Each structure stands twice: as structure tokens, then as C-alpha cells.
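See below for the structure under consideration.
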Amino acid sequence: MIIAIDGTSASGKTTLARRLAARLGYLYFDTGVMYRALTLAALRQGLSMSDEAALASLAAGITIDVTSPTASDGRPCTVLLNGEDVTWTIRSPEVDDSVSQASIYAGVRSALTLQQRRIGLRGRVVMVGRDIGTVVLPEAELKIFMTASLEERARRRLAELTLLGENVGLAEVERSLAERDRLDSQRTVAPLRAAPDAVVIDTSHLSAEPVLDLALDLVAKRERAAPAQNARDAAGRGERGGVEERE
Ligand code: DC
């Protein structure tokens, strides 16, 4: 099964995806790290985030590897940029503030999407991002779209940044998240939006545990539905999605 998890920044995608992948024995793949690694490379080269041609050529020329964790420091995976471990550097506020802008360009997205799709099509994967269910892997059997209020997401992101030793305030984090929401959802190419057949989960008032239970329940339902779905596909008929839970 391919599981696609999309949603706004700090809505709980990573937490759910990591736990889900661990429970199912699937690969956890966070596509955001690729856009972050590209942004870090661009910042280091002093590129302007509005220089589409330079960013696209950088995306085509750099090597981003995502491997299983190579250190026991809480990292969900190790991210290598041209061989250098940038797992934590890509989480800095500087990268936060530029990554959505660098991600709006078609040339950047096509280079990274291609790699993501290749990995996803192997199956047994929980892939996280903004456009996984809509563009990268529209054939995913389970699509989850996560949201939460801006206030709650800012609170969570602030806690993460504080752990990283960053000294930022709540208002600043809220501003940065709101701007990323705007850029991610208003871009022309692969904007952030729920696929029509996605299950939407609002995590504003939910802790990680019930969200995981909900997702495991959805996986079980999809597994039970798979034989019937295969028969329908074979008969050449598609299935339309339903309500929030859409079935
Ligand atoms: O999930 P994240 O906060 O690490 O993602 C960082 C940025 O990367 C996000 O603001 C937009 C971009 N992104 C994207 O455009 N498409 C994806 N599939 C994943 C991330």
C-alpha cells in the first residue's frame, strides 16, 4: 500500500507518518526535507529565492540522499546534501523562511517530484508532503490531509525550535507559518490542497495517539476494501471519494 499524508506546516504530519510507518513496517519518507536541502544549498550559494532559473538548475545538479537514521539523536532519517549531513541544519528558521518560496517553481518541483515518485512507487511507504496525494502519487490507496489551527501549529513549531536552541517568539513563528501557508496553497504548480478522495483530519484538539488509531483504522479499512476495489478497477469503473471520511 502507498499512504500519502499531506497538510499544512506543523499540522502533525511527521508525527503521524513516523508512527504509522513504524507500526506497519513501511518506509517513512518526508519529501519536505528535499525542498529544505535545496533551499539550504541555495542560501549557501547566495542565490536569490526569486531566481527561478538558478534554483531549477541547482535542483537538477545537487544530490540529496535520505537514509535511515545514522545517529541516535532523535532524527527520523538522515538527510545528505552532496554527501554532507544536513539533517538538523535544514530545520533552521532561515530555511523555514525561504523554503516555500523556493518550492513554487515548476523546474524545482519537477526535479524533486521525479525522485519522490520513483521511491513511492516501490510501495510500502508513508510519504509526507503537500502534493503527494494530488501530484506525486495520486494512485496512493490511502490519502490523509491534516490541518490544525494556526495558533496550535505555531505552539508546536515553537516547541521544536526551542529544542533546537533557537531563540524565537510565538508571534514570529505564527507569522512565518502563515506566510508559508499562503505560498504553499497559492502557488500555481502543485498547490497544497486535499485530494478529492483524501480523509481530512483536524488535529487542533487531538494528541498523537488518537490520530494514529484513526489512521490505523483507515489502513485496515483500505485493506479490507482492496479485493472489491481491484474487482471494480478490473471492470473499468472508478470509485469516487466520499465525505470527510469519504466512504
Ligand atoms: O513539511 P516541511 O515543513 O518540512 O516542508 C517545507 C516546505 O517544503 C513547505 O513549506 C513547502 C515545501 N514542500 C512542498 O512544496 N511540497 C512537498 N511535497 C513537501 C514540501
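No gaps in the numbering here: position 187 of the sequence shown is 241 in our numbering, and each next residue is one more. Backbone N, C-alpha and C fix where the C-beta goes; we use that ideal spot for every residue, glycine too. Please read all numbers here as calculations on a predicted model, not as lab measurements.
Remark: C-beta atoms of residue 197 and residue 251 approach each other more closely than 8 Å. Within 7 Å of the C-beta of residue 157 there is at least one heavy atom belonging to the ligand DC. When the five nearest sequence neighbours on each side are left out, the beta carbons in the same chain lying within less than 8 Å of the beta carbon of residue 117 are those of 134, 135, 136, 137, in order along the chain. Within the same chain, Cβ atoms closer than 7 Å to the Cβ of residue 191 are found at 56, 58, 171, 174, 181, the five residues on either side in sequence being excluded. The criterion of a C-beta distance shorter than 8 Å is not satisfied by residue 162 and residue 94. Rounded to the nearest angstrom, the Cβ distance from residue 89 to residue 194 is 19 Å, too far for a contact under 8 Å. Within the same chain, and ignoring the five residues on either side of residue 77 in sequence, the residues whose Cβ sits closer than 8 Å to its Cβ are 266, 270. Exclusion of the five residues before and after residue 189 leaves 244 as the residues of its chain whose Cβ lies within less than 6 Å of its Cβ. Ranked by Cα distance from residue 147, the options 272, 218, 255, 70 are led by 218.
Under the three-state reduction of DSSP output, residue 137 falls in the coil class, being neither helix nor strand. Excluding five sequence positions before and after residue 154, the CB atoms of its chain that fall closer than 6 Å to its own CB belong to 234, 237, 238, given in chain order. Straight-line spacing of the CA atoms in residue 126 and residue 72 works out to 15 Å. The secondary-structure analysis by DSSP pairs residue 93 with nothing; it has no beta-bridge partner. DSSP, reduced to helix, strand and coil, places residue 167 within a helical segment of the structure shown. In the DSSP annotation of this structure, residue 61 is not part of any alpha helix (DSSP H); the continuous beta strand (DSSP E) holding it starts and ends at 56-61.
Looking at the backbone, the Cα of residue 202 and that of residue 256 are separated by about 5 Å.
Rounded to whole angstroms, the separation of the alpha carbons of residue 229 and residue 80 is 35 Å.
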